[in-house]
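Protein chains: 2
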Amino acid sequence: MKKLVNDVNLVVDEELDGLTLLYPNILQRFPNSNVILRKESPVKGKVSLVSGGGSGHEPLHGGFVGKGMLDASIAGEVFTAPPPDQIYSAIRNVHGGRGVLLIINNYSGDLMNFKLAEEMASDDGIEIGRVVVNDDVAVESPENRRGVAGTIFALKIAGAAAERGDNLLDTQRIGERVVANTRSMGVALTSCTLPRVGKPMFALQEDEQELGIGVHGEPGIQRTRMMAANEVATVLYDRVSKDLVLRREEEVVLMVNGMGATPMMELLIFSRKVVKLLHENGTKIFRSFAGSFVTSLDMAGVSLTLLRVDDEMKELLLEPERTPSFPKLL
Amino acid sequence: MKKLVNDVNLVVDEELDGLTLLYPNILQRFPNSNVILRKESPVKGKVSLVSGGGSGHEPLHGGFVGKGMLDASIAGEVFTAPPPDQIYSAIRNVHGGRGVLLIINNYSGDLMNFKLAEEMASDDGIEIGRVVVNDDVAVESPENRRGVAGTIFALKIAGAAAERGDNLLDTQRIGERVVANTRSMGVALTSCTLPRVGKPMFALQEDEQELGIGVHGEPGIQRTRMMAANEVATVLYDRVSKDLVLRREEEVVLMVNGMGATPMMELLIFSRKVVKLLHENGTKIFRSFAGSFVTSLDMAGVSLTLLRVDDEMKELLLEPERTPSFPKLL
Numbered sequence: 003m004k005k006l007v008n009d010v011n012l013v014v015d016e017e018l019d020g021l022t023l024l025y026p027n028i029l030q031r032f033p034n035s036n037v038i039l040r041k042e043s044p045v046k047g048k049v050s051l052v053s054g055g056g057s058g059h060e061p062l063h064g065g066f067v068g069k070g071m072l073d074a075s076i077a078g079e080v081f082t083a084p085p086p087d088q089i090y091s092a093i094r095n096v097h098g099g100r101g102v103l104l105i106i107n108n109y110s111g112d113l114m115n116f117k118l119a120e121e122m123a124s125d126d127g128i129e130i131g132r133v134v135v136n137d138d139v140a141v142e143s144p145e146n147r148r149g150v151a152g153t154i155f156a157l158k159i160a161g162a163a164a165e166r167g168d169n170l171l172d173t174q175r176i177g178e179r180v181v182a183n184t185r186s187m188g189v190a191l192t193s194c195t196l197p198r199v200g201k202p203m204f205a206l207q208e209d210e211q212e213l214g215i216g217v218h219g220e221p222g223i224q225r226t227r228m229m230a231a232n233e234v235a236t237v238l239y240d241r242v243s244k245d246l247v248l249r250r251e252e253e254v255v256l257m258v259n260g261m262g263a264t265p266m267m268e269l270l271i272f273s274r275k276v277v278k279l280l281h282e283n284g285t286k287i288f289r290s291f292a293g294s295f296v297t298s299l300d301m302a303g304v305s306l307t308l309l310r311v312d313d314e315m316k317e318l319l320l321e322p323e324r325t326p327s328f329p330k331l332l
Numbered sequence: 003m004k005k006l007v008n009d010v011n012l013v014v015d016e017e018l019d020g021l022t023l024l025y026p027n028i029l030q031r032f033p034n035s036n037v038i039l040r041k042e043s044p045v046k047g048k049v050s051l052v053s054g055g056g057s058g059h060e061p062l063h064g065g066f067v068g069k070g071m072l073d074a075s076i077a078g079e080v081f082t083a084p085p086p087d088q089i090y091s092a093i094r095n096v097h098g099g100r101g102v103l104l105i106i107n108n109y110s111g112d113l114m115n116f117k118l119a120e121e122m123a124s125d126d127g128i129e130i131g132r133v134v135v136n137d138d139v140a141v142e143s144p145e146n147r148r149g150v151a152g153t154i155f156a157l158k159i160a161g162a163a164a165e166r167g168d169n170l171l172d173t174q175r176i177g178e179r180v181v182a183n184t185r186s187m188g189v190a191l192t193s194c195t196l197p198r199v200g201k202p203m204f205a206l207q208e209d210e211q212e213l214g215i216g217v218h219g220e221p222g223i224q225r226t227r228m229m230a231a232n233e234v235a236t237v238l239y240d241r242v243s244k245d246l247v248l249r250r251e252e253e254v255v256l257m258v259n260g261m262g263a264t265p266m267m268e269l270l271i272f273s274r275k276v277v278k279l280l281h282e283n284g285t286k287i288f289r290s291f292a293g294s295f296v297t298s299l300d301m302a303g304v305s306l307t308l309l310r311v312d313d314e315m316k317e318l319l320l321e322p323e324r325t326p327s328f329p330k331l332l
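Protein chains in written order, with the numbering used here: chain A, 3 to 332; chain B, 3 to 332.
Now the structure itself:
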């Protein structure tokens, strides 16, 4: 295992330190915790947004804390849900009097721990809303679908709604509308390696790839021979657009997301084909971008996310934000 | 070799297509060439900025075309200088009547081809300035120093100067001042693999790393055992800050740059130590950020860049830009 780390038991602690040291003007770390807070927390008179999950998906979630997006993130250990007491602490420290919206990716551990924290916060009289993100179409049944890269659209759009002054229910509703209109699917060329384990989670031969991979190395739909980028793009696009029931003339935002070790050259080659497929389908592209936003440690691979947008979402997407990692929408 | 590509002979053509398809509002590709132009070219009454170099360093250079930075980039084949006729074509197509500044990384092939293009453009009566970037302190003699990640600071600051209306000489001068105050050094954990070759350029054992690596896999200063992130950070910081003759109370911008396959988790852990070293040294950090900006295909590794800033540079750094890949300075 070749990783630029110090102690494999301290990767989360040290990366959170690194993040807050790089961006001291906008972030702070809550003492003795893995909670990252927006610098000026709590922001009074605004619905607060809190999210989090296991580490290993950087820049998620800490990179999306800041004005216009998250008020707090909570990082669990690598691929492990964050503990309820830290989620509760985050909620208490960002609550500005208008309630707190939790944005949770659809994994049982995350759901359970956020639920426990929600109960503690409710006992304190804090009003809580929740949005569960489940954009991964590699899983058939929607209730079991994992939350993957599409989560950053929920953070952005609900975050912009909160920032403009929407109440808790309205902020939650637009978050839910984003989730209802977001679909993703990914492919792995290589496995990721957990720092504490030091060897790949699964074996992929030199001529193999895994379609429908999860961001924790969960098995995909199909292990296939290595395909050309255009073929991978077509397979992912077909499944994502079909599940989204994407019709001609509808308008989308396209995200091409690297899984951690994918060079920009490859993301661009993949993007080329996806944009061409959208053009062929008669779909309008409101904005599109490529980068690594929701990763799986050092996995090589890519995911494709489409968000179907309406006028309100478009307006909120273009609201300014001040976070380390949300892309410019140009 | 596991790469998400189609035809290894078409990677540059296809990635440039991908880039312009993703960002149609700000970029255009000049027909039958590897020239990327700012959408609204030529911008009249402004000094124009042109840069370029071999491909394989994405998002450099195309990701830095747009308002406030480059007017045009020219991509050569992978690790190969762009041809003079395309550089000349870029110059002609962006010239807005106030001259063109070429920003060139210090490699003999690039210098030669930009020189030839400059001569052709001068024959047309276009006034040309040039800035040569040579920030890599892994090379002892300054005249042989390679241009690496620090080049994006020259693009940004000279680009902002041009945008505010500086003349050619002033734009060149501030670009030169940026170069004089920028130093970088990198380390490789793995080799990169050229698409057409299909196997690593050099061999690094599981317990080895290469300090002072070049962005084309040029040999570094020293091949050592794998070091902890803190130790790597200290070695690179010492060399970079010493060469910059960085004194207490001076102010810098810090860039931690991934080499193509380095996950954000590792960049953050590395960043943590660098920021601590700057604090210990009494250096003020104006802005700092981590990401992958000047890469070496699929190399795992990191580079550290420090830019010593003065008041004018700080002001220009904070000017808005509209490019796909320049980071937010928060």
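Note that beta-carbon positions come from the ideal geometry of N, C-alpha and C, so glycine has one too. Just so you know, these numbers come straight off a predicted model, no measurement behind them.
{"Asked": "Residue interval of the beta strand (DSSP E) (run including E142(A))", "Found": "From DSSP, E142(A) is part of no beta strand (DSSP E); its letter is neither H nor E."}
{"Asked": "Proximity test, Cβ basis, 8 Å: A83(A) and chain B", "Found": "no"}
{"Asked": "Distance CB(N8(B))-CB(A230(A)) smaller than 8 Å", "Found": "yes"}
{"Asked": "Selected residue, minimal CA-CA separation from G101(A), among S124(A), V80(A) and L319(A)", "Found": "S124(A)"}
{"Asked": "Contact set between T297(B) and chain A, taken where Cβ atoms lie within less than 9 Å", "Found": "P265, M266 and M267"}
{"Asked": "First through last residue of the beta strand (DSSP E) which encompasses K286(A)", "Found": "K286 to G293"}
{"Asked": "Opening and closing residue of the beta strand (DSSP E) in which V135(B) lies", "Found": "I130 to V135"}
{"Asked": "Which of helix, strand or coil DSSP assigns to L39(A)", "Found": "strand"}
{"Asked": "Cβ-Cβ separation, A151(A) to G177(A) (assumed contact under 8 Å), whole Å", "Found": "Actually they are not in contact, since the Cβ atoms of G177(A) and A151(A) sit about 16 Å apart, beyond 8 Å."}
{"Asked": "Cutoff 6 Å; reference L299(B); Cβ partners in own chain excluding five residues on either side", "Found": "G58, C194 and G262"}
{"Asked": "Run of the beta strand (DSSP E) containing R225(A), from where it starts to where it stops", "Found": "Q224 to R227"}
{"Asked": "Backbone CA spacing between G222(B) and I76(B) [nearest angstrom]", "Found": "27 Å"}
{"Asked": "Stretch-stretch touch, CB-based, cutoff 8 Å, three pairs: the stretch 134-141 of chain A with the stretch 166-185 of chain A", "Found": "yes"}
{"Asked": "Cutoff 6 Å; reference P85(A); Cβ partners in own chain excluding five residues on either side", "Found": "none"}
{"Asked": "For G104(B), the three-state DSSP class (helix, strand or coil)", "Found": "According to the sequence displayed, residue 104(B) carries Leu and not Gly. Strand, per DSSP."}
{"Asked": "Below-8 Å beta-carbon distance, I271(A) vs any chain B residue", "Found": "yes"}
{"Asked": "Contact with chain B by M228(A), beta-carbon distance below 8 Å", "Found": "yes"}
{"Asked": "Contact under 8 Å by Cβ, V139(B) with M203(B)", "Found": "no"}
{"Asked": "Under 7 Å by beta carbon: chain A residues contacting D300(B)", "Found": "P265"}
{"Asked": "Residue-chain proximity (F288(B), chain A), Cβ-Cβ < 8 Å", "Found": "no"}
{"Asked": "D87(A) to T22(A) span [Cα, whole Å]", "Found": "21 Å"}
{"Asked": "CA nearest to the CA of M122(B), picked from S110(B), I105(B), I89(B) and K69(B)", "Found": "I89(B)"}
{"Asked": "Nearest-angstrom Cα separation, counted from S110(A) out to N259(B)", "Found": "35 Å"}
{"Asked": "Same chain, Cβ closer than 6 Å to L62(A), five either side skipped, listed in chain order", "Found": "V296"}
{"Asked": "Anticipated Cβ contact below 8 Å, S35(A) with A74(A), distance rounded", "Found": "Not really, about 10 Å apart at Cβ, beyond 8 Å."}
{"Asked": "Pair within 8 Å by beta-carbon distance, R289(B) and E252(B)", "Found": "no"}
{"Asked": "Cβ-based burial, D19(B) [other Cβ within 10 Å; buried from 16]", "Found": "buried"}
{"Asked": "Contact test: L256(A) Cβ vs the ligand FAD heavy atom, cutoff 7 Å", "Found": "The model depicted lacks the ligand FAD and carries no ligand whatsoever."}
{"Asked": "Short Cβ contact (8 Å threshold) for F66(A) with T307(A)", "Found": "no"}
{"Asked": "For I105(A) and T51(A), believed in contact at Cβ under 8 Å, the rounded distance", "Found": "Reading the sequence as shown, one finds Leu at residue 51(A) and not Thr. So it is a contact: roughly 6 Å between Cβ atoms."}
{"Asked": "Q88(B) in three-state terms, based on DSSP", "Found": "helix"}
{"Asked": "Three-state secondary structure (DSSP) of G152(A)", "Found": "coil"}
{"Asked": "Under 7 Å by beta carbon: chain A residues contacting K5(B)", "Found": "E268"}
{"Asked": "Residue closest to G47(B), alpha-carbon to alpha-carbon, out of G98(B), S273(B) and V13(B)", "Found": "G98(B)"}
{"Asked": "Per-residue DSSP class, three states only, for N259(B)", "Found": "strand"}
{"Asked": "Alpha helix (DSSP H) segment containing E120(A), residue limits", "Found": "S110 to D125"}
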